[in-house]
Each structure stands twice: as structure tokens, then as C-alpha cells.
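Student: Protein chains in written order, with this note's numbering: chain Y, 1 to 329; chain R, 330 to 658. Even for Gly, the Cβ is constructed at its ideal location relative to N, Cα and C. Here the structure is a predicted model, which means the values were calculated and not measured.
1. The alpha helix (DSSP H) that contains residue 261(Y), what's its start and end?
2. Under 9 angstroms between beta-carbons, which chain R residues line up against residue 182(Y)? List them in chain order, please.
3. Can you give me the C-alpha to C-alpha distance between residue 436(R) and residue 373(R), rounded to a whole angstrom?
4. Looking at the secondary structure, which residues open and close the alpha helix (DSSP H) in which residue 181(Y) lies?
5. Check whether the stretch 246-254 of chain Y touches the stretch 493-509 of chain R, counting contact only when three or more Cβ pairs, one atom from each stretch, lie closer than 8 angstroms.
6. My output table needs one value for residue 566(R): the three-state DSSP class, helix, strand or coil.
7. Would you report the Cα separation of residue 303(Y) and residue 310(Y), rounded to the nearest angstrom?
8. Using a beta-carbon distance below 8 angstroms, is residue 578(R) in contact with chain Y?
9. List the residues of chain Y that residue 450(R) touches, going by C-beta distances under 8 angstroms, in chain order.
10. Should the stretch 123-131 of chain Y be called in touch with the stretch 96-103 of chain Y, which here means at least 3 C-beta pairs below 8 angstroms?
11. Answer yes if the stretch 610-622 of chain R comes into contact with the stretch 566-582 of chain R, meaning at least three C-beta pairs across the two stretches below 8 angstroms, and no otherwise.
12. Looking at the structure shown, is residue 131(Y) part of a helix, part of a strand, or coil, going by DSSP?
13. Whose Cβ in chain Y lies nearer than 8 angstroms to the Cβ of residue 508(R)?
14. Out of 393(R), 539(R) and 353(R), which one is the CA nearest neighbour of residue 461(R)?
15. Of all the options 187(Y), 216(Y), 213(Y) and 194(Y), which has the alpha carbon lying nearest to the alpha carbon of residue 202(Y)?
16. The alpha helix (DSSP H) spanning residue 540(R) covers which residue range?
17. For residue 24(Y), list the residues DSSP reports as bridge partners.
18. Can you give the Cα-Cα distance for residue 1(Y) and residue 61(Y), rounded to whole angstroms?
19. Using a Cβ-Cβ cut-off of less than 8 angstroms, list which residues of the stretch 603-614 of chain R approach chain Y; keep chain order.
20. Tell me residue 44(Y)'s beta-bridge partners as DSSP assigns them.
21. When you check each C-beta in the stretch 417-450 of chain R against every C-beta of chain Y, which residues fall closer than 7 angstroms?
22. I'd like the span of the alpha helix (DSSP H) that includes residue 68(Y), first residue to last.
23. For residue 385(R), collect the residues of the same chain with a Cβ closer than 8 angstroms to its Cβ; drop the 5 residues on either side in sequence, then sort them by chain order.
24. Just checking: is the beta-carbon of residue 648(R) within a distance shorter than 8 angstroms of some beta-carbon in chain Y?
25. Label residue 312(Y) either buried or exposed according to how many other C-beta atoms from any shown protein chain fall within 10 Å of its C-beta, with 16 as the threshold for buried.
26. Does DSSP put residue 525(R) in a helix, a strand or coil?
27. Just list the beta strand (DSSP E) runs in the stretch 608-638 of chain R, keeping only unbroken ones of 3 residues or longer that don't cross its boundaries, in chain order.
28. Using the Cα positions of residue 59(Y) and residue 118(Y), report the straight-line distance between them to the nearest angstrom.
29. Would residue 261(Y) be called buried (16 or more neighbouring beta carbons within 10 Å of its own) or exposed?
30. Does any residue of chain R bring its CB to less than 8 angstroms from the CB of residue 164(Y)?
31. Using only the alpha-carbon positions, how far apart do residue 600(R) and residue 496(R) sit?
32. Tell me which residues share the same chain as residue 335(R) and place their Cβ nearer than 7 angstroms to its Cβ, disregarding the 5 neighbours each side in the sequence.
33. Measure the C-alpha to C-alpha separation of residue 405(R) and residue 416(R) and round it to an integer number of angstroms.
34. One question on the structure: do residue 279(Y) and residue 207(Y) come within less than 8 angstroms of each other, judged by their Cβ atoms?
35. Along the chain, where does the beta strand (DSSP E) that runs through residue 437(R) open and close?
36. Can you pull the chain R neighbours of residue 298(Y), defined as C-beta to C-beta under 8 angstroms?
Written as C-alpha cells, this is what we have:
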């Protein structure tokens, strides 16, 4: 009885405060976090989305995951107050709709916020994954306390989250920050085609770096491993392989030009590089060096994300906290 | 007596409303406008700034001009309520200071708002000329009623005024929109040097177009007139001269890339081209064609300024009206 009473006491105290759920729907993983309304994460859960990418399946996984985490904490559904969720694509945050995701994921006009609200009976807010990472960087990351900065997600693709005067810039069609399609010296001038990555991504994104590496191998008649990863190219460069170093520099330069161009438009003091490719120290320093060669009075400080792959999930928690605070204002 | 009485009556009625002064300090001309507080311009004045570019001389010209216009309307200094002024350079609008202008004009840290307030004993607000033209376009021009658009000033140099959610984006160091320094395919990758126009301006600005024209003439061993103007090149192209047409296209393409890049960052629905070069129909249509070749879901509509060289002056009047309204709120 003593134990039971204590458990009740323990869960009654936070229950008056309530909890929020952060959801990061990714191309391969679904990550969930249960957090206090002040943002302290008390439980996490990660499952795969491979093979279960349709909205109904993902929704079921979210509901099941939320129940598991609540149960683990001795809490019930009634303790959940709000949800923040991110999806990899174009999101209409006003209407809570995922307008489109990459062809891999295949979502189109999914009313994610409404689906979450109907499933869990609490308010839900959504945004795209890059914007959520941007929220997280400004709240708890490298850009903590900054009202004006850009978060640059560099993985397979390249996208930017733009924070101006403390608010995310979204753009007319929710497309602000799609800089993977920039044209700069070193990118192709060929028009973009549907379903094909943008001109900048094709050179400076993770897949682009592999492609450029492969092309140079072929051109030199070099034997190449078709299985080489971007991480391995960076590792070769770090170990002094001059060929790999030249590839890294060649791919970093267009990205530096894109940052230069973006900074001319926005004049933000800080750009935070994130994503699996963007946070690689070899790549970061190559981009930084190229940016310095371009030096202009608008040139921003180039930092690295410290939140790593947690950025989106932390941002989702932050989004839920803001939504809850707004509703109780 | 009858006449005199009528004059008094006439000037007493508007006097209760008061007037605002718009000031456009340009590289060659100083333009002034006296307007009702609702923005109806009742008098204009234009003088030269050549040879009288130091702040004291310009200030004296402004004061003299204001007095002349007031007098013409049968008004006195007491009828002036507010001043809005623009200068060609970097302006700190919070502190009313012209931080720097081009080397031609040579101003550095001039407290223009304070100087105007001391000289005319009414509140004054300042901004840079491109931002003022942007205000004007959104108030009475091609972007009327739009809360999100870019005004692109293309004259000798190239600069952008960025309106987001109905407010001008200024940037950390008042440098937002300096896109004349963008690097895109077709611009030099050489670092920018102090006092030298930016990479984009050197190809796509008025002086740049002349330079490219001259370089191609030399390369082809053609005899060229060193006195050819950008307007003449456009005219030649319009009259079917294929060489000039190819130059116009070559210079328009980098500008279209810069607009494409900027639109990817901001996702604004409308870009308004202004300035003596930017409003030339030949150039505008060449830029538009190049932009369409780049087509992306972010591609904005490309319009032409209808305010022409009045844009800055009208924007200065608008700035004065806003300042006055803010103070009386």
C-alpha cells in the first residue's frame, strides 16, 4: 500500500501540470518524446517507418507509442495535454496539413493535426522537420537566445529554416528556405525536373558528394567502390587522401556560395549547420573556409548544431509547449 | 481684401491637418515633396547634389526647399508636422543615422534624422532609398496591397527591398537585400574588393551591361563606341541587333538566377523590378524569360515598377506619414 500510495502521489503531482508529446516522423524512423510542459523529456521511443509509411499506420504507431510512454510513467491519457509533430515535407501549419512529402514518403494533403487530435483528444500542431530543428536550435541549441538565424539541414538533401525576429519565416506556399534548388557557380544550370533533387543538393548534399566522387573516379580511370559512403569520403579526406580532400572542397564551395547568397538576402548573424552531412567537421571546415574566401560584411558566423539527430524531436516538443501555452493564454 | 481673406481661409483649413515633407537624397538629385498627411502631394522641388554633397549643404538645401514649397502654398513652418528622408546607403533607422553611403557620396555616420529635426523642429524618420521605393510600391505601386514582396532596384547597382508580413526586413547590420554581391553562374568567383561593385552588379547592373558589351566588342575585334549607354544597348537589341540581343540575354540570366535564389529563400509571390535599367522592357522581358527557364514552385511573378523615379520620393512621404501616425497613436 505504501508503494501504491507513493506512486499515486508521484503521478498526481505532475498530472496537475500535464505532459506534451513530441513526434518526429522521419523517412526511416518515427521518434517520440514525452515531456513535461516545461520541456523536460521523461520518456523516449523510436520505431521504424519503413514499410509502414501510410498515414493510418504512422498514426497507429504514434498512439501506441504515446500509450506505452504514459504507462511507463504511471500516467494515463488524461495527463497528455498537447502534441507537436513534424513531417519531412511541405506543411501548411495554419491548417495542420502535410501538403506534400518527398516521393519516398508519398504523403499528399494529409490533415495530420486533425488526425492526431481525433486520435488522442488533445490539441496538435505540426510543422516540417527542418523548421522544428530550427525551433530546437533557437531554444536549446547553438542558436539559443538568437532571434535571427538560419538552420541549415544538410543530409541527403539541403534545406533551411529561417528565424527572423523570433518567428519562423514560412513563405507564401510554405516553401521558404528551399535552398537545395539554388544555382551558384559549380551547380548545373539545367532546369530542375520533378522528383529530381535541386541543383545545389546534386553537388553539395550527401548523395551529391558521392556522385561527384564517383564522376571524378570515372574521369580519372580510377577503380571506385560503388558502395562508398559520404562519411567514408570525409574520413578519407581527414586521413590526408588528397583526392578525397579535393572532392570535399569542390562540393563545399557551392554550399558556401549558397550561404553567402542567403546571408545577402537576410543579413542574419548566424547560420547553424545541422544534419548528418552538415555536422561533419571536415565538411563544416571546408564550407567555412570557402565562405571566408567570399567574405562580405554580411558574412555570418557558421556554427555546428549541437543537438544532432535530436533536433527535430526537441523542436516537436517545443512546438507542443508553445501550442499549449497559446491555448491557455 | 476679399482675396487676402480667401487666402487665409484656404491656408487655415489644411493647417489644422498639417503637412509632411518627403526627401529623396540621391547621387545626383535632391528631390523634395510637400504632401498632406494623407499623402496627397501638393508641391515638388528638385535640385542637384553635384558639388554640394556634404551633409551641411544638403541640409541647407532641404530647409530652403521646404520653406519655398510651404510659402508657395501659403503655409508657414508651423504647418509642417513630420519629415521622411531617404539616402543612398546603409541606414540605421532606429537611431536615424546614415551609416555609410557609396564612395561617390561619401557620408559616414551622419545623424540625418537628428539634423533634420534640429533644422525644422519636427520629428524625422530616415531609411535607405531602396527601402523607401519598396514602401512606395506596396502603398501606391505595382505591389499595392501585398504584404510580402521584393522590390528590386536595378540601376548602376543592384539592391533589394524586402517586405515580409507588411514590414521591411532590415537585417542585423541594416544590410538585408544586398543582392548585388550574389554569386551565380555567369558572375565572377573572385572575392569582392572594397569600393568595387558586387559580383552580380558587375554583370547585370547598368554599368555591368556596358562592360560586358565592351568586352565582347574587343573579343570580336569590333569597333565600339566607348560612349555607348545601357539605354542604347537596349535600343539596339529592340531594333533587332543580334549582337546586342545576345549581350542583353547574357546579362539578364545571372539576374534571373539571383531572383530565383532569393525567391527560394523568401518564397514571396511577387518581385517588382525598378530602377532605370530594371524597368527597361527589353531587359525585363529577358530577365523574365531566363527566370521561366529556371521555373520552380517558388518562382515569383515578375512585375515592373509603375512609379519610375518617383518611387523613393513617394516612399519618403509614406515614411513621414507613418512616423506622424505612430507618434499620434
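Tutor: Here's the rundown:
1. 242-266
2. 513, 586, 589, 590, 593 and 594
3. 25 angstroms
4. Segment: none, residue 181(Y) is in no alpha helix (DSSP H) and carries neither H nor E.
5. no
6. helix
7. 17 angstroms
8. no
9. What residue 450(R) touches in chain Y: nothing, since even the nearest Cβ is about 33 angstroms away.
10. yes
11. yes
12. helix
13. 261, 264 and 265
14. 353(R)
15. 187(Y)
16. 535-548
17. 31(Y) and 86(Y)
18. Bear in mind that the predicted position of residue 1(Y) carries a pLDDT of just 33, short of 50, making it unreliable; the figure below should be weighed with that in mind. For residue 1(Y) and residue 61(Y), the distance between alpha carbons rounds to 34 angstroms.
19. none
20. 33(Y)
21. none
22. 55-72
23. none
24. no
25. buried
26. coil
27. 630-633
28. 10 angstroms
29. buried
30. yes
31. 15 angstroms
32. Legend: pLDDT at residue 335(R) = 34, less than 50; position of this residue unreliable, no value from coordinates given.
33. 26 angstroms
34. no
35. 437-439
36. 500, 502, 504, 507 and 510
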